[in-house]
Amino acid sequence: MQKGVIYKILQDVYKLRCSGVMAEVRQRIIRMQISLKTGLNLNEYTPESMDPDDDIQRVLNVIKGSEIGLEHYQYKKEGSV
Amino acid sequence: MEKNCIISYGAKTIEEVLSAIKVNNPGFMIFFYGAGNDYKKIEEKIKPLHVPFIGCMDAGRLVSGEYLLDETTVVGMSISKEIISMIVIDTVDLSPSRSRDDIRAESRMKFQEAAQRIHIDLNNPDMEKDVAINLAFGLNSATPFLEGQSEAGLMLQTIGGSSGGKTDFIETNVISSSGSGHVGAFAMIHLNDPYKFIMDRVSSFTSYEEKTLKVTKLADPRHILELNGKPATNAYCEALGIPLSELTPEIFANNTLGIDPGDGERLITSIMKKDDKTGLLTYNDVIPGTQFKLYRTISQYDERSRSISDVLKNKKVVGYISFDCILCYIARNSLNEVKEIAAMYEKLLPGIPKIGFGTFSENICGANINQTETYLAIIKG
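So the sequence lines, in the order shown, correspond to chains C and H.
Residue numbers 110 to 190, in my numbering, belong to the letters of the first sequence in order.
Residue numbers 379 to 759, in my numbering, belong to the letters of the second sequence in order.
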């Protein structure tokens, strides 16, 4: 269990993949894709949530996959990537 | 002006529909037809017009302010080249005999080729003008078809549904200007200035608080054996507080499964029925470890009216295409809400051409879902 990790990873993904025009639409697509591929309710992960290691790994596997394409992403507590 | 650019109409024959939806310089047409129609005959009448088109069999259809629930009528919408700048129609073979990997690979390739032909950058599409409409063969999973598209270009927004038909789930089909039958057809479109699109989804459910059902054992992607480490039927009944003997189609329709990607979004997976033991069969694919929430139905009228009017508020809508679950059609029938909800669309979008059909599943941006309406609104400015 680690605190707030999935929330932080999602913020990183949005920053890397959803900037610029129509950022909200891009975020929506990414959120749906991660939920579909992990089966997780992403609304439950907050800066304070205690996130199971298995859930963290599921999210990491999806964002490193071909659709989202962050194969070199590494989670860091502060200022990742 | 838009009245000459986009027209929808419903009638007893395809000939009547084609006669009524003539626009200047037609650029794209879409059709939905009842299960009593021979799709090859419909296709034969449309093809000589040499206009790109897609269409499918359905389980009921929407046209303007009316639902047509018979098995014979046809509805069509024609959109002119003033709105459609560029378009490619193509199909993927979704025959049940094909492997999921083969379908996914063909879908990815066809999507990439289509984008190249009309110069859409799949890595950076125009988020307001580039869109793909999907009609998938409804008796096979649409998931690999959609996965192939997401692999080709996640950010190109897609919307649509799986073809419907009678509730015996024996026959359905898709037609298009690039093939028909057991196919998934897509229309990849770039809109002209000043036209844009908006897409969204609405499902009329509210969450049961604190009730999560984790998929702990699957027989196949549409067959759940265990939830929360218990036989699936037992865990589902426990969560609802009902005995096993009360498991009926109505219970499944009114108490559904889903996941929440955030911001109130809901990706619904409906339960079709129980198996002959203690498992549950679903209408779309499930992955191991999915942490389903349990949702109960609320009024379609209230939720749709609120959601659609919020999204389309202050927008000049010129056309509306709806992909609406067969289970929503059935629920409206059983609650005698058919006329009321059809009238709601006319009230929200008065005089705007509308078309839609009852699907065997709905899709939006790669997600294959149930008990939901996904829709595409074309707007001006």
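Glycine included, every Cβ here is placed at the ideal spot set by N, Cα and C.
Source: prediction; values computed, not measured.
Do you know how far the Cα of residue j is from the Cα of residue i?
i               : j               : result
L605 of chain H : S386 of chain H : 45 Å
S361 of chain H : P599 of chain H : No answer is possible for residue 361 of chain H: the residues shown for chain H start at 379 and end at 759.
S541 of chain H : E724 of chain H : 24 Å
K651 of chain H : G759 of chain H : 46 Å
I424 of chain H : Y573 of chain H : 26 Å
S458 of chain H : G178 of chain C : 37 Å
E421 of chain H : S739 of chain H : 23 Å
G148 of chain C : I637 of chain H : 7 Å
Y673 of chain H : V580 of chain H : 14 Å
S189 of chain C : K595 of chain H : The predicted position of S189 of chain C is uncertain, since its pLDDT is 45 and thus under 50; a value taken from the coordinates is nonetheless stated next. In a straight line, the C-alpha of S189 of chain C is about 35 Å away from that of K595 of chain H.
N748 of chain H : I481 of chain H : 21 Å
A617 of chain H : S623 of chain H : 15 Å
D162 of chain C : A563 of chain H : 40 Å
L517 of chain H : A597 of chain H : 19 Å
T737 of chain H : G539 of chain H : 6 Å
V114 of chain C : P156 of chain C : 7 Å
A720 of chain H : V441 of chain H : 9 Å
H497 of chain H : I465 of chain H : 10 Å
P503 of chain H : M566 of chain H : 12 Å
E643 of chain H : L145 of chain C : 12 Å
I511 of chain H : I629 of chain H : 32 Å
G224 of chain C : T545 of chain H : Beyond the ends of chain C as shown, which are 110 and 190, falls residue 224 of chain C; an answer cannot be given.
K419 of chain H : P430 of chain H : 17 Å
R320 of chain H : C615 of chain H : Nothing can be reported for residue 320 of chain H: it is not among the residues displayed for chain H, which extend from 379 to 759.
H428 of chain H : A493 of chain H : 21 Å
Just list the residues that DSSP pairs residue i with in beta bridges.
i               : result
H568 of chain H : H:M464, H:D508
I733 of chain H : H:V441, H:I699
N760 of chain H : A query on residue 760 of chain H cannot be resolved here, the shown segment of chain H reaching from 379 to 759 and no further.
R135 of chain C : Answer is none; R135 of chain C lacks a bridge partner.
V580 of chain H : H:E751
R674 of chain H : H:T584, H:N633
V470 of chain H : H:G562
I553 of chain H : H:G433
Y411 of chain H : H:M435, H:V452
S458 of chain H : H:P404
T538 of chain H : Note that residue 538 of chain H is Gly in the sequence shown here, rather than Thr. G538 of chain H is bridged to H:N512, H:N741.
T647 of chain H : H:L635
Who are the near neighbours of residue i in its chain, counting only those whose CB is closer than 7 Å to its CB and skipping five residues on each side?
i               : result
M379 of chain H : In this prediction, M379 of chain H scores a pLDDT of 49, lower than 50, which makes its location untrustworthy; the coordinate-derived value is nonetheless stated afterwards. Answer for M379 of chain H: no residue qualifies.
E449 of chain H : G412, A413, G414
K390 of chain H : T450, T451
L727 of chain H : V695, Y698
I602 of chain H : V593, L596, A610, G657, L658, T660, V664
R126 of chain C : R135, I139, I177
Following a CB-centred definition, is residue i positioned closer than 7 Å to any heavy atom of the ligand FAD?
i               : result
E444 of chain H : Because no ligand of any kind appears in the structure shown, any question about the ligand FAD cannot be addressed here.
Go through its chain and collect everything with a Cβ distance to residue i's Cβ below 6 Å, but skip five positions before and after it.
i               : result
L119 of chain C : none
V453 of chain H : G388, F410, R439, V441, I733
Output needed for residue i: all residues of its chain with C-beta closer than 8 Å, excluding positions within five of it in sequence on either side, in chain order.
i               : result
N612 of chain H : L622, T656
- Item | Residues, ordered as in the chain, of the stretch 124 to 145 of chain C that lie near chain H by beta-carbon distance below 8 Å | V130, M131, V134, R135, R137, I138, I139, R140, M141, Q142, I143, S144, L145
- Task: May I ask you to list, following chain order, the residues of the stretch 579 to 600 of chain H that have a beta carbon less than 9 Å from some beta carbon of chain C?
- Result: T590, K592, V593
- Inter-stretch contact at 8 Å, needing at least 3 Cβ pairs: the stretch 523 to 534 of chain H / the stretch 678 to 697 of chain H: no
- Given a limit of 8 Å on CB to CB distance, which residues of the stretch 169 to 185 of chain C reach chain H? S175, E176, I177
- Task: Could you run through the stretch 516 to 530 of chain H and flag, in chain order, every residue whose CB is less than 8 Å away from some CB of chain C?
- Result: S528, E529
- Does the stretch 465 to 480 of chain H come within contact of the stretch 437 to 446 of chain H, defined as at least 3 CB pairs closer than 8 Å? no
- Report the residues of the stretch 625 to 642 of chain H with a CB closer than 7 Å to any CB of chain C, ordered along the chain. I637, D638, P639, G640
- Chain-ordered residues of the stretch 654 to 682 of chain H with a beta carbon less than 7 Å from chain C: I665, G667, T668, Q669, K671
- Query: In the stretch 528 to 553 of chain H, which residues sit with their C-beta less than 8 Å from some C-beta in chain C, listed in chain order?
  - Reply: S528, E529, L532, M533, Q535
- Item | Residues within the stretch 497 to 515 of chain H neighbouring chain C, beta-carbon criterion of under 8 Å | M505, E506
- Query: Taking any Cβ of chain C, which residues in the stretch 727 to 747 of chain H have a Cβ under 9 Å from it, in chain order?
  - Reply: I742, C743, G744, A745, N746
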